[in-house]
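Written out below as structure tokens is the structure these notes cover.
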Amino acid sequence: MLAKKELSHLIEPIETRMKAVEDYIKVEGLIVQVEPILDPYGPSIVDDKLDAIVVSKETLAGGLSVNRKRVEKGLPELKVEVVDLLPEGTSGEKLSSTKLRRLEFERSKQPEMPPTGQKCDQAGED
């Protein structure tokens, strides 16, 4: 699923991304299980222990599709929680993984600047 994404070579390994999610949402007393999504539905259409699915306005159709599949399989519908996307600080565009990869790519193309107060000679050495 990721190979077709823009700048896919910059996508971190799944283990790294899963650990980052776990670390970000870790709260004492909260049980979190992070699962990789290997197809458009992931475990959402087979796991009867799920209660809710979090989507953005852009992915709401996918969340509704999950519920249709769950009903077809005799599972209860999930509560669909719609969240707003965050704006990217400088441009006001929606913050997305694609936008972050573009920024990372652009940053990697720029020459490294010396720390403030230091000068480089013409050969690029300190």
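Mapping of the sequence shown onto the UniProt record's numbering: residues 1 to 126, in sequence order.
By construction, the Cβ of each residue, glycine as well, lies at the ideal position given by its N, Cα and C atoms.
>> Using C-beta distances below 8 Å, list every residue in its chain close to VAL66, excluding the 5 sequence neighbours before and after it, in chain order.
In response: By one-based count along the sequence shown, residue 66 stands at place 66. Take VAL66, set aside five residues on each side of it, and the residues of its chain with a beta-carbon closer than 8 Å to its own are TYR41, SER44, ILE45, ILE53, LEU78, in chain order.
> Between PRO111, LYS99, LYS57, which lies nearest to LEU85 when the distance is taken from Cα to Cα?
Replying inline: Stepping through the sequence shown from its first residue, residue 85 is reached at position 85. With distances taken between Cα atoms, LEU85 lies closest to LYS57.
> Quick one: any contact between the region 6-22 and the region 94-105, if contact means 3 or more CB pairs under 8 Å?
Replying inline: Yes: the two stretches touch, three or more of their Cβ pairs being nearer than 8 Å.
> Can you round the beta-carbon distance between GLY62 and VAL71 to whole angstroms, since I take them to be within the 8 Å contact cut?
Replying inline: Here residue 62 is taken as the residue at index 62 of the sequence shown, counted from 1. Here residue 71 is taken as the residue at index 71 of the sequence shown, counted from 1. Incorrect: roughly 15 Å between the Cβ atoms, too far for contact.
> When the Cα of PRO76 is compared with those of GLU88, ASP48, VAL83, which residue comes out closest?
Replying inline: For this step, residue 76 is matched to residue 76 along the sequence shown. Nearest of GLU88, ASP48, VAL83 to PRO76, Cα basis: ASP48.
> Hey, how far is the Cα of ALA20 from the Cα of SER91?
Replying inline: As a working note, residue 20 is residue 20 in the sequence shown. As a working note, residue 91 is residue 91 in the sequence shown. Distance between the alpha carbons of ALA20 and SER91: 25 Å.
>> Does SER56 come out as helix, strand or coil in the three-state DSSP assignment?
In response: Against the sequence shown, residue 56 aligns to sequence position 56. SER56 falls in the strand class under three-state DSSP.
>> According to DSSP, VAL80 sits in a beta bridge with which residue or residues?
In response: Working through the sequence shown from its first residue, we reach residue 80 at position 80. When beta bridges are read from the DSSP output, VAL80 appears opposite ILE53.
>> I'd like the span of the alpha helix (DSSP H) that includes ASP23, first residue to last.
In response: Here residue 23 is taken as the residue at index 23 of the sequence shown, counted from 1. Unbroken alpha helix (DSSP H) run through ASP23: 14-25.
> Opposite LYS94 in the DSSP bridges: which residues?
Replying inline: Here residue 94 refers to the residue found at position 94 of the sequence shown. Looking at the DSSP assignment, LYS94 forms a beta bridge with PRO87.
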